[in-house]
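Numbering (the working numbering), first residue to last: 46 to 240.
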């Protein structure tokens with residue numbers, strides 16, 4: 046065996062230990078098991094017992110969480126329908142009434158006249174229809190906003206709820222623009238010569 050310079054050989058292995066003759070096991074006192082003899086240990090009183098069918102197998106590692114059932118989009122759709130009625134149908138009714146108001150009122154209105162509202166007397170039915178349309182649109186628009194917010198918060202038709210909020214918010218502007226334009230158009234049509 047090769048030993049590099051500066052190193053000595055490994056010391057020899059020590060002699061094996063002689064254990065001597067085996068010792069007989071000690072005897073246990075009367076009524077007790079002998080030491081070293083395995084005995085089953087009983088469960089302490091009140092301890093849990095193994096279930097009758099045994100333990101259930103472990104479910105394993107990672108499990109995919111259950112996907113919650115998709116909620117109905119009814120609230121958002123209802124809000125959108127109400128907003129469309131408030132933003133489209135109501136201005137159409139107001140536009141028809143506004144045109145008739147413009148045709149029936151006198152062309153020369155004096156704003157300093159204390160009886161200014163009496164100039165609307167010839168068109169009182171049309172004014173009533175325009176007012177009914179205004180209040181119906183207001184109620185429908187507010188309902189669309191409230192139901193749209195509920196649909197957004199509850200995630201029941203979120204996209205339709207957002208669209209309902211937008212339509213219901215611009216519906217009053219649409220109403221007044223249509224009413225003013227149709228009253229002006231009706232008044233201007235009174236100036237046209239009859240053919």
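Note that CB positions come from ideal geometry on N, CA and C, so glycine has one too.
Computed from a predicted model, the values in this text were never measured in an experiment.
Buried or exposed for residue 233, going by 16 or more other Cβ atoms inside 10 Å? Stepping through the chain shown from its first residue, residue 233 is reached at position 188. Result: exposed.
Please classify residue 182: does DSSP put it in a helix, a strand, or coil? On the chain shown, position 137 is the one that residue 182 refers to. Residue state, collapsed to three classes: helix.
Would you decide whether residue 55 is buried or exposed? Buried here means 16 or more other CB atoms lie within 10 Å of its CB. To locate residue 55, count along the chain shown from 1; it is residue 10. With fewer than 16 other Cβ atoms within 10 Å, it is exposed.
Look at the alpha carbon of residue 166 and the alpha carbon of residue 122, and state the distance between them as a whole number of angstroms. Taking the chain shown and counting its residues from 1, one reaches residue 166 at position 121. Taking the chain shown and counting its residues from 1, one reaches residue 122 at position 77. C-alpha separation (whole angstroms): 41 Å.
Around the C-beta of residue 120, are 16 or more other C-beta atoms found within 10 angstroms, so that it is buried, or is it exposed? Within the chain shown, residue 120 is the residue found at index 75, counting from 1. Under this definition residue 120 is a buried residue.
Whole angstroms is fine: what's the gap from residue 259's alpha carbon to residue 161's? Any question about residue 259 goes unanswered here, given that the chain covers just 46 to 240.
Sort 127, 180, 67, 90 by Cα distance to residue 212 and report the nearest one. Locating residue 212 in the chain shown gives position 167, where the first residue counts as 1. Of the candidates 127, 180, 67, 90, the one whose C-alpha sits nearest the C-alpha of residue 212 is 127.
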